[in-house]
Structures are given as C-alpha cells and as structure tokens.
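FYI, our numbering numbers position 40 of the sequence shown as 221, with every residue one higher than the one before it.
Cβ atoms here follow ideal geometry from the backbone N, Cα and C, with glycine treated the same way.
This one's a predicted model, so the numbers in the text were calculated from it and none came from an experiment.
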Amino acid sequence: MTDLVAYGIAVVSLAVAGFAGWHTYRRRDLGNPLFYAVCLVELILIGLLIGGSVALGSTDRDVDGVLFISYLVTMVVIPPAAVLWGIAEKSRWGTGVVVISMLTISVLSIRLLGIWKGTYA
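Written as structure tokens, this is what we have:
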C-alpha cells in the first residue's frame, strides 16, 4: 500500500461521488454512465484487495492483518451494495446513496494507508 495508490483511489472515488452528486442534484436516476463509473471503482478495489492481500503476506511490517483485510473486504462490498440500493430507490436519493458510498470509499482508502503504515489510532 503506497501513498499513490491510497490517494489515487480517494481521488477517483471523489470524482465518482461528484458525478453521482450531479445526478442527485439534477434528480436523475442511476443510469449507465454512473453505473460504469462505480464499476471502475469496484475493479480498482478488487485489484487493491488482491494486491493488498499479497503485500500483507510478504511484508515484514507490523500490520494488524485482520483489521487490514477487513477494511479491504469492506471497501469491495460497499459499491455493489450502493448500486443495488440506488437502483431500488426510485427517488432522487438513489444516487445520493452512491454519493455517500463513494465518500466512504475515499475515507477508508486513506484510513487503510494509516493501517498499513502503522499510524492509525
């Protein structure tokens, strides 16, 4: 887990949050472009799960492995849950759920970096 990866994921998820926020503001349903944007974040997170698991297994750092893996798995589970909720919710807040989920991914990414570096509280 590097600074570039953590902050890169945070920036991408913030960009998707902004796109979803625009959908919420315009009272638009969760359409294909937003769906594909969330899918991009999901693919990045699956890669992070695989890479993070391999890195955890081969590091000499003092990393809390259970906490680290639980963050990785949680980050992978959030986007599909948000999309399903967003599709089911027919009001403007269906895309609002996607906004909150992408903001959560951004925060969890930075938090995951802190866990990796051992600077979490």
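Find the nearest neighbour of residue i within the set the options, judged by alpha-carbon distance.
i, options, result
"W266", "A196, L211 and A198", "L211"
"G275", "I227, I291, F216 and V186", "F216"
"V279", "K298, C220, A198 and I296", "A198"
"I190", "R273, L230 and K271", "L230"
"Y188", "W297, S290 and I296", "S290"
"S287", "K298, Y252 and D243", "Y252"
"R273", "G238, W203 and V235", "W203"
"I323", "V244, T183, V254 and V219", "Lying outside 182 to 302, the shown extent of the chain, residue 323 is not represented and no answer is given."
"M182", "L221, V264, G232 and R207", "G232"
"W297", "L185, A269, K271 and D245", "D245"
Quick one: give me the first and last residue of the alpha helix (DSSP H) that residue i is part of.
i, result
"V197", "D184 to Y206"
"V257", "G246 to A269"
"T276", "W274 to K298"
"G238", "N213 to S239"
With a threshold of 7 Å on Cβ separation, who are the neighbours of residue i within its own chain once the five nearest residues in sequence on each side are excluded?
i, result
"I227", "V257"
"I225", "I190 and V193"
Is residue i near the ligand FMN, judged by its Cβ being under 8 Å from some heavy atom?
i, result
"S234", "Although the ligand FMN was asked about, the structure shown includes no ligands whatsoever."
Tell me which same chain residues have a C-beta within less than 8 Å of the C-beta of residue i, skipping the five on either side of it?
i, result
"E223", "V257, P260 and P261"
"S234", "I250 and L253"
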